[in-house]
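As given, the protein sequences belong to chains A, U, G, E, D and C, one line each in that order. Letter by letter, the first sequence follows residues 0 to 111 in numbering that gives the first Met the number 0. Letter by letter, the second sequence follows residues 0 to 111 in numbering that gives the first Met the number 0. Letter by letter, the third sequence follows residues 0 to 111 in numbering that gives the first Met the number 0. Letter by letter, the fourth sequence follows residues 0 to 496 in numbering that gives the first Met the number 0. Letter by letter, the fifth sequence follows residues 0 to 496 in numbering that gives the first Met the number 0. Letter by letter, the sixth sequence follows residues 0 to 496 in numbering that gives the first Met the number 0. For each residue, glycine too, the CB sits at the ideal point set by N, CA and C.
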Amino acid sequence: MKKIEAYLRPNCIGDVINSLHEIGIEGISLTEIKGYGQQKGHVEHYRGAEYTINLLPKIKIELFIKDTQVSSAIKAITKAAQTGEIGDGKIFISPVEEGIRIRTGETGETVI
Amino acid sequence: MKKIEAYLRPNCIGDVINSLHEIGIEGISLTEIKGYGQQKGHVEHYRGAEYTINLLPKIKIELFIKDTQVSSAIKAITKAAQTGEIGDGKIFISPVEEGIRIRTGETGETVI
Amino acid sequence: MKKIEAYLRPNCIGDVINSLHEIGIEGISLTEIKGYGQQKGHVEHYRGAEYTINLLPKIKIELFIKDTQVSSAIKAITKAAQTGEIGDGKIFISPVEEGIRIRTGETGETVI
Amino acid sequence: MSNYFNNRHIGSWLLISLILVLLITSTAFAANDPNGSATLKQDPNSAVNYIWVLICGAMVIFMMTGFAMVETGFTRARHANNTMMMNLMVWAVGGLAFYFIGFGLMFGGVGGMFGSLDKLLTIKMFGHSWGLLGAKGFGLGNSVYDVSIFLLFFFQVGFLDTALTIPSGAMAERIKFSTYLVYTFIAGAFIYPLFGNWVWGGGWLSQLGQIGLGQGFKDFAGSSAVHAVGGTMALASAIVLGPRIGKYIKGKPVAIPGHDLGMGVLGTMLLIFCWFGFNCGSTFAATDLRFTVVAVNTLLAGCVGGMAAMIYMCFSSGKPDTSMSCNGILAGLVAITAPCAYVPTWAAVLIGGIAGILVCYSVYFVENRLKIDDPVGAVSVHGVNGLWGTIALGLFADGTYGNVKGLFFGGGFGQLGAQLIGALTLIIVIFSLSYLLFKLLDRTIGMRVSAEEELTGLDVPVHGAVCYPEFSISSSLSITTNNTTIPNSITIEKSKN
Amino acid sequence: MSNYFNNRHIGSWLLISLILVLLITSTAFAANDPNGSATLKQDPNSAVNYIWVLICGAMVIFMMTGFAMVETGFTRARHANNTMMMNLMVWAVGGLAFYFIGFGLMFGGVGGMFGSLDKLLTIKMFGHSWGLLGAKGFGLGNSVYDVSIFLLFFFQVGFLDTALTIPSGAMAERIKFSTYLVYTFIAGAFIYPLFGNWVWGGGWLSQLGQIGLGQGFKDFAGSSAVHAVGGTMALASAIVLGPRIGKYIKGKPVAIPGHDLGMGVLGTMLLIFCWFGFNCGSTFAATDLRFTVVAVNTLLAGCVGGMAAMIYMCFSSGKPDTSMSCNGILAGLVAITAPCAYVPTWAAVLIGGIAGILVCYSVYFVENRLKIDDPVGAVSVHGVNGLWGTIALGLFADGTYGNVKGLFFGGGFGQLGAQLIGALTLIIVIFSLSYLLFKLLDRTIGMRVSAEEELTGLDVPVHGAVCYPEFSISSSLSITTNNTTIPNSITIEKSKN
Amino acid sequence: MSNYFNNRHIGSWLLISLILVLLITSTAFAANDPNGSATLKQDPNSAVNYIWVLICGAMVIFMMTGFAMVETGFTRARHANNTMMMNLMVWAVGGLAFYFIGFGLMFGGVGGMFGSLDKLLTIKMFGHSWGLLGAKGFGLGNSVYDVSIFLLFFFQVGFLDTALTIPSGAMAERIKFSTYLVYTFIAGAFIYPLFGNWVWGGGWLSQLGQIGLGQGFKDFAGSSAVHAVGGTMALASAIVLGPRIGKYIKGKPVAIPGHDLGMGVLGTMLLIFCWFGFNCGSTFAATDLRFTVVAVNTLLAGCVGGMAAMIYMCFSSGKPDTSMSCNGILAGLVAITAPCAYVPTWAAVLIGGIAGILVCYSVYFVENRLKIDDPVGAVSVHGVNGLWGTIALGLFADGTYGNVKGLFFGGGFGQLGAQLIGALTLIIVIFSLSYLLFKLLDRTIGMRVSAEEELTGLDVPVHGAVCYPEFSISSSLSITTNNTTIPNSITIEKSKN
Ligand SMILES: Nc1ncnc2c1ncn2[C@@H]1O[C@H](COP(=O)(O)OP(=O)(O)O)[C@@H](O)[C@H]1O
Ligand SMILES: Nc1ncnc2c1ncn2[C@@H]1O[C@H](COP(=O)(O)OP(=O)(O)O)[C@@H](O)[C@H]1O
Ligand SMILES: Nc1ncnc2c1ncn2[C@@H]1O[C@H](COP(=O)(O)OP(=O)(O)O)[C@@H](O)[C@H]1O
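What follows is the structure, given as structure tokens:
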């Protein structure tokens, strides 16, 4: 079992969910975050005073998937989220040791 | 040290915290998320036009605990969060390599 | 590649970002969370009825960094976030298996 | 004249006449003045009097905005759409109930200049005739197609709306929307007009002067007829409904902070503004310059009420509580509403000050002793202080207006007696009727939403959309509750989502 | 007199005279009354009449607050700063357009008591002279420095503002701010005053009585001249702009819930309050007590409109929809605006009820059949119901006021005919002009923002700051969309941020 | 008459008489008219005049809602509850300060129709007697129990409230709540009434005509007495308090965006509405039809002020800034408040336009040059433009009203001189007094909250509850700050939470 964390542009989330849906991934959790990376903020003015919006709104998605789904999930996300411009975001994969479905108490890869 | 991530119904959070409290787990972090899984959204109407609320509000809790606490924590959460209906949520356990308490700089399992 | 998760006081975030910036860490994701730990909440009154604010607003930062950056990152965060009083928060380090930059598709430590 | 009118047919003719008379109430031949030219000729002051009442009437209607803000701001985000809709639709449904039924019952015994409302059902007792209910003006038909009557209707409909909307604060977050609308119609058509007739429609309370009780029961702008009626219905509704899930944990009340205190403050401010229309307009004439005294008294009672409540809260719980300060201002305004035209300014200060303290204590009492869950304090603000204001009139009326004299100004116990009778009548009649109504509704169509809907929030199940779909809302009840309070009741319900 | 005036110079003199005459329109010598003392002496009622109109006028201006709330509440958070600014600046720009140009065109043919506006460009046809446009009063110069004219200006500027702000609801979330301001100026200076002159400025529609069509085209407070004009411009603007990105997925409309429904409800309530100024003040005299009937009819039509829409939505989609209930109330108010002074209360109930249903059907029709994206229903509320009200006057006017009689009250087809001609004229003239204007703007300075700005939200790119910088906003379009609807169009745009 | 009155006792009798006289000021026997019937008989126009003033007065009181919205919307969410409460309680405390003390000082030298206020402390200088302070009417006792005086009190209390609430914008986010209330009381009881007496209470500034300075110092509706006084106190308070933590990083000002710009816009709209009551009501008589000119001038100055500020911001920082556009409108309104009754419309346009630019420049100047942190621009909007309006009157008064003639209309330097003397006096007297007051408060009870409270937000420490407990608020200061700006000052504080 692996955990995929992807930091994405808010506007592409719909496509990403559709894209994951097509390859059979149905369990997703989304978090509203603020991100900061190579994509630099922009200078704006408020009441004439300058300020930089350098924390941009991003969406983080978390997927717990089977080991065998990892590469297809990465492909699905990349396909839907890539614009080729700075700020597209990143995907990270980490190990997960166990999963439990609360409703049934079952464990292992079937909980996904 | 392990990390527990649980995706839960908002309404059961109070019980979960109480339940964890009882077994001596005091450090918790909560995040408001939107979730999507087997529990399907419902169709609503706004100004007569249909839409599906398919991202449901959920709460994610993160616990960093000692290896020995894992099974009791899972039990505590399950007990408090289980309704038996689709949408109860899931618990995942992943490895953690190190923890630091900022206030003291101490590391290791005592930081928890 | 490692993942650093730090749970911090909202007021110190600016300093933490600056501090990380100085040691060359530029990719950060921030989440607004509510935390519960040794720092106890305070009792307040609303319309004369008591209530305890026991979930305090905290900010979680996530950094994906190279293995070699871990200790300097921990130092940088600690330096900026430490007040010495209960509630300073914690830092956790976990393993990451792979990273992908969506824009280019590249993988490995260079994505950071 | 024709021999057709012989004795044999007299029975049938009587019957037919009766039907005709009933029909006629909604058709022509009264000397009405639908465009106002005759009225103006007869009284040139009617221009200034009419615009005065009309503008004040519009301000009274505007109060619904303030109530919507106070009630929604001081309750939770997940029900905000529903709370707003209740406050909006009470205007629509209540307005129609008053138009079709309530207005006729309440004012069908009061004369206009032309095309008067003059059908009052009366009863004879103690050698006097006492008015019980009006019986003319239903649906504002042709017989009352007259500017003076339309003006009366317009001014009064806002008062009705205010009374009806008060219980929505006490029922918030758990009342069925459809049941709420049914309550609105029935209370607007029958309950409110009943007491209203007795006070303002020429009914028996207003006639208590006949048996020597001062000038009869007086309520200048509605501490009793509007606010206490609303507050009493609120009490009945909150009792029947029961507390919100999670309000009481092991019998101890839990604070459930409102989701937008600023909205509540703004609503209070808006109500202050409108209250000047409410009270001053109740002179019903611009030529009655006493409205200046009314305005100043209203202002002072509101100011002192807010101050008193704020200071009380500082002592009782350590900090100047925002929503109780708002409640204090409103309590002061409610209390001064009946006596505003009759008392000197120092009495207004006193009345407002007592109101501000009373509301704090009452909120505590209702919540902790009676264990009744009244989310925005409707019972304490409108009920308790409406009654306090009603009685205060009997104490402080200084005789400079309408010869109404209270106990402290040489009026003896006459006026005070009338006020006490009115207050008592109100509590008994309105509480019984509304309690009955709510019990009946509870048994038939049901008063309360399901636990699941209540916990998730009423917005989506009832109206199909949350109030703030794009804002991230802390959806857990427990974010700010008492330590031991993480509501256990919820465990039992095990509701979904 | 001097021999300088010989034939040789006559050409030059004519030219100079012409220039002088033009200059004179903005300078002294008319018998003006800039401080009102002469006016008051001539008509002592002017005090009460003037304050009446002034207060109502202020209430009409206050409507912008309600519109801002309705439009912003029922659209998305990421554009909220922009939507607010549109509603604010329409007041500033529209007011100036009216001051410099529009008012003169609209009312430059109407007499005041002193210093009258009396330049009306007319045309002769069918043996009668027909007014086309006024030509006096631009910039409120010295020749019209008169209290009566200033009063007229003040009252009318709020109506203009209302008409101009209506299309902002239809253009919300995608219109260029600068283009919006240009539209505002042109529409305020030329388009609105044109039809306004024909109805209220003594123009040809108001003169239709000359050829036997009832009392000429009647619109008491602006169902046509204000609301239908605004709604028709809204239609043209929405057509030219096209739907918002993501509104139609595979040709099916997607619901895009407003970000603060409570704000929309509060805005509706505020509009109800102001509407009493809008309609009642249109008597333009406190001595015309008919405003009482106006007030009651306005109230009833709003109540019934809201009820009807709410019930309709319960049947059509299962739940009492908040924003459509608001739309229903507004639709009832819009519809009664023209006939409010002429019809009996039962007709007001009928008119409002039909309006409430009409608006629901029209919203469906515009969205599903015409595939026009009108985010807040401006076309249906103001356009469709403005026309409905205009025609309803021709059906239900009961003859008790101004001798205006509709079809059902023995007026035959005269008045109805006038109303229909007016409605038709409005659709043709206003739609053509505004469509042309928007097309022109689109071709030149551009109507629509870039897709990137639209998706990110207009607030930062246009105004440099989001409306709610500290609140966590769900920035993804998809949070609440139709299942298949995760908008694919966005994929194509691949916009940044 | 009795021999008890012998010489021996004369000393005692004198003393007793003195005490009696003092007592009598608050009891009966003046020829008062507490119910207005005598007043109405003497002047039948008082009905229309009184309702006019009363309605306008209510609108002025309503302004607190607008100020609360502007100030709260343009500051941060974590202090929102506190900012709201300040704006609410200023009404309560200020109202009581005025009732007990301020009103008597300010107007205790002005005659009413009956039961006049006629005690003016005067000084003799230059061979004339000059009014300094009133000395009657405290607590609206029996001697002034008169409709005319109550009307005056009601109208004026809203003006006071406006003046007092202005500094709350400059002190927002860091002022101690208790200190704020103390300031409110003292300023409402003494500082505001002082200058107020000189301008409107028959004091020496209004008497400058005695020595040939035009018609004496004129301020129609309060550019000086209300707005500039408020703005000057705001300046003093902001200086004493110092900037908010994080406002200046290395001496450079950091933008701290308001948390709900839409609320600020709505507040501005509400203020526009109320301003018509503020300015027009200042005729104090419905029979003075000049209020029409007042209304139009007010409207135009607001429109142009907003336009000018918006355009200025487009040039200076590239985008039409929302909060500065609001400030521009308000600046135009503030500036026209003094001259609104005296100038032609083109001058109103000019005055408003200059105000719109002035406010932008002043905001820049105060923030960047003076390094004073004025979160919502109170000093620039009300102070600077209040003075500008006061002086503008001396330039543009056209002589058509009250014979007030400015420099450009043949009035020479007389009127302008009076205006300049008034402006100068205001700056010197009000600034000194309020600076002293704030310094004193700072030394004694303290002006500023702790750094920890300021960083966490005032809501919980001061009032026990955040404004938006369910909304997720970005609690980090740094979310939107200048790059280098991640406020280092905070590091030093190392505050908790
Ligand atoms: N090392 C990192 N650790 C945590 N989050 C990161 C990291 N790098 C990037 N992110 C997240 O990804 C988002 C996009 O990254 P950015 O560097 O701007 O663009 P790109 O991925 O195209 O190079 C950031 O806003 C941030 O939320
Ligand atoms: N594979 C997954 N990865 C990430 N989050 C998941 C996953 N599966 C479920 N979740 C989270 O758990 C919540 C509940 O899961 P769901 O499948 O609806 O019910 P159940 O756990 O009862 O089968 C989801 O809304 C989502 O937030
Ligand atoms: N074991 C834990 N698991 C998850 N989050 C934790 C844990 N311990 C602490 N936290 C987070 O860190 C924050 C600060 O921790 P706390 O125990 O209050 O102070 P300190 O770190 O100074 O001992 C908490 O509010 C919570 O968000």
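task: List the residues of chain E whose Cβ lies closer than 8 Å to the Cβ of G/G34, in chain order.
output: Looking up residue 34 of chain G in the third sequence gives position 35. Here the premise fails: no neighbours, minimum Cβ distance about 12 Å.
- request: Output yes if chain E places a C-beta closer than 7 Å to the C-beta of G/Y6; else output no.
  value: Along the third sequence, one-based indexing puts residue 6 of chain G at 7. No, because no Cβ of chain E sits closer than 7 Å to the Cβ of G/Y6.
Below-7 Å beta-carbon distance, E/L270 vs any chain C residue: Stepping through the fourth sequence from its first residue, residue 270 of chain E is reached at position 271. No, E/L270 does not count as interfacial toward chain C.
query: How many Å lie between G/I111 and G/G98 at the Cα?
result: Walking along the third sequence from the start, residue 111 of chain G turns up at place 112. Walking along the third sequence from the start, residue 98 of chain G turns up at place 99. Answer to the nearest angstrom: the Cα atoms are 8 Å apart.
- prompt: Can you name, in chain order, every residue of its own chain whose Cβ lies under 7 Å from the Cβ of C/M88, other than the five neighbours on each side?
  reply: As a first step, residue 88 of chain C must be located in the sixth sequence, where it is residue number 89. Non-local beta-carbon contacts of C/M88 in its own chain, meaning distances under 7 Å to residues more than five positions away in sequence, involve L180 in chain order.
query: For chain E, is any of its Cβ atoms less than 7 Å away from the one on U/N10?
result: Your numbering for residue 10 of chain U matches position 11 in the second sequence. Closer than 7 Å: yes.
- prompt: Comparing the C-beta of A/H44 with each C-beta of chain C, is any distance below 7 Å?
  reply: Taking the first residue of the first sequence as 1, we reach residue 44 of chain A at position 45. Yes, contact with chain C.
message: Contact between the stretch 350 to 358 of chain E and the stretch 327 to 337 of chain E is defined here as three or more beta-carbon pairs at a separation below 8 Å; is this criterion met?
response: By the Cβ test, the stretch 350 to 358 of chain E is in contact with the stretch 327 to 337 of chain E, since at least three Cβ pairs between them sit closer than 8 Å.
query: In chain order, what residues of the same chain lie with their CB nearer than 6 Å to the CB of E/M112, ignoring the 5 residues before and after it?
result: Working through the fourth sequence from its first residue, we reach residue 112 of chain E at position 113. Legend: pLDDT at E/M112 = 48, less than 50; position of this residue unreliable, no value from coordinates given.
Between the CA atoms of G/P56 and G/I24 - distance to the nearest angstrom: In the third sequence, residue 24 of chain G corresponds to position 25, counting from 1. In the third sequence, residue 56 of chain G corresponds to position 57, counting from 1. Roughly 25 Å between the two C-alpha positions.
- request: Identify the continuous alpha helix (DSSP H) that holds E/E453 and give its terminal residues.
  value: Along the fourth sequence, one-based indexing puts residue 453 of chain E at 454. Per DSSP, the continuous alpha helix (DSSP H) segment holding E/E453 begins and ends at 450 to 455.
- prompt: Span of the beta strand (DSSP E) holding D/T282?
  reply: Residue mapping note: residue 282 of chain D aligns to position 283 of the fifth sequence, counting from 1. No beta strand (DSSP E) holds D/T282; DSSP gives it neither H nor E.
- request: Compile a chain-ordered list of the residues in the stretch 432 to 466 of chain C whose CB is closer than 7 Å to at least one CB of chain B.
  value: Within the model displayed, chain B is absent; protein chains A, U, G, E, D and C are what it includes.
- prompt: Sorted by chain position, which residues of the same chain lie with C-beta nearer than 8 Å to C/G250's C-beta, five sequence neighbours on each side aside?
  reply: Position 251 of the sixth sequence, counting from 1, holds the residue named residue 250 of chain C. Hits under 8 Å: K370.
- prompt: Considering D/S142, what are the terminal residues of the alpha helix (DSSP H) in which it resides?
  reply: Translated into positions along the fifth sequence, residue 142 of chain D becomes position 143. Run containing D/S142: none; DSSP gives neither H nor E here.
- prompt: Would a check of beta-carbon distances place D/S471 closer than 7 Å to chain A?
  reply: Looking up residue 471 of chain D in the fifth sequence gives position 472. Interface with chain A (7 Å Cβ-Cβ cutoff): D/S471 is included.
Outcome for D/G140 when other beta-carbon atoms lying within 10 angstroms are tallied against a minimum of 16: As a first step, residue 140 of chain D must be located in the fifth sequence, where it is residue number 141. By the neighbour-count rule (16 or more Cβ atoms within 10 Å), D/G140 is buried.
- request: Within the same chain, show all residues whose beta-carbon is closer than 6 Å to that of D/G229, passing over the 5 residues directly before and after it, in chain order.
  value: On the fifth sequence, residue 229 of chain D is found 230 positions in, with the first residue counted as 1. Within the same chain, D/G229 has close Cβ partners A162, I165, H381.
- request: Pull up the distance between the alpha-carbon of C/A79 and that of C/C325, whole angstroms please.
  value: Along the sixth sequence, one-based indexing puts residue 79 of chain C at 80. Along the sixth sequence, one-based indexing puts residue 325 of chain C at 326. Each residue's Cα considered, the two are about 19 Å apart.
message: Looking only at its chain, what residues have a beta carbon closer than 7 Å to the beta carbon of E/P252, apart from the 5 residues adjacent to it on each side?
response: Sequence index remark: in the fourth sequence, residue 252 of chain E carries index 253 (1-based). Sequence-distant partners of E/P252 (beyond 5 residues in either direction) whose C-beta falls short of 7 Å from its own C-beta, in its chain, are K246, E366, N367.
query: With 16 other CB atoms within 10 Å as the buried threshold, where does U/I76 fall?
result: Position 77 of the second sequence, counted from the first residue, corresponds to residue 76 of chain U. Under a 10 Å Cβ-count criterion, U/I76 is classified as buried, with 16 or more other Cβ atoms of the shown protein chains found around its own Cβ.
message: Quick check: what's the CA-CA separation for U/N53 versus D/S471?
response: Here residue 53 of chain U refers to the residue found at position 54 of the second sequence. Here residue 471 of chain D refers to the residue found at position 472 of the fifth sequence. Inter-residue distance for U/N53 and D/S471 is about 20 Å (C-alpha atoms, whole angstroms).
message: Within 8 Å, do at least three Cβ pairs link the stretch 210 to 222 of chain E to the stretch 387 to 396 of chain E?
response: Yes, they touch.
- prompt: Between the C-alpha atoms of C/F290 and C/A346, what's the straight-line distance to the nearest angstrom?
  reply: The count along the sixth sequence starts at 1 and reaches residue 290 of chain C at position 291. The count along the sixth sequence starts at 1 and reaches residue 346 of chain C at position 347. Separation of C/F290 and C/A346 (C-alpha to C-alpha, rounded to the nearest whole angstrom) is 16 Å.
- prompt: Beta-carbon of C/G114 versus every beta-carbon of chain E: anything under 7 Å?
  reply: For this step, residue 114 of chain C is matched to residue 115 along the sixth sequence. Because the pLDDT of C/G114 is 48, which lies under 50, any placement of that residue in the model is unreliable, and the question is left without a value.
- prompt: According to DSSP, is G/T106 helix, strand or coil?
  reply: As a position in the third sequence, residue 106 of chain G is number 107, starting the count at 1. Strand, per DSSP.
task: Report yes if the C-beta of U/L62 is less than 6 Å from at least one heavy atom of ligand 3; otherwise report no.
output: Along the second sequence, read from residue 1 onward, the residue named residue 62 of chain U stands at position 63. Yes; taking the cut-off as 6 Å, the Cβ of U/L62 has a heavy atom of ligand 3 nearer than that.
query: What in chain A is Cβ-close to C/A254, meaning under 9 Å?
result: Indexing the sixth sequence from 1 puts residue 254 of chain C at position 255. When 9 Å is used as the limit between beta carbons, C/A254 is near these residues of chain A: E43, H44, Y45, R46, G47, A48, E49, Y50, in chain order.
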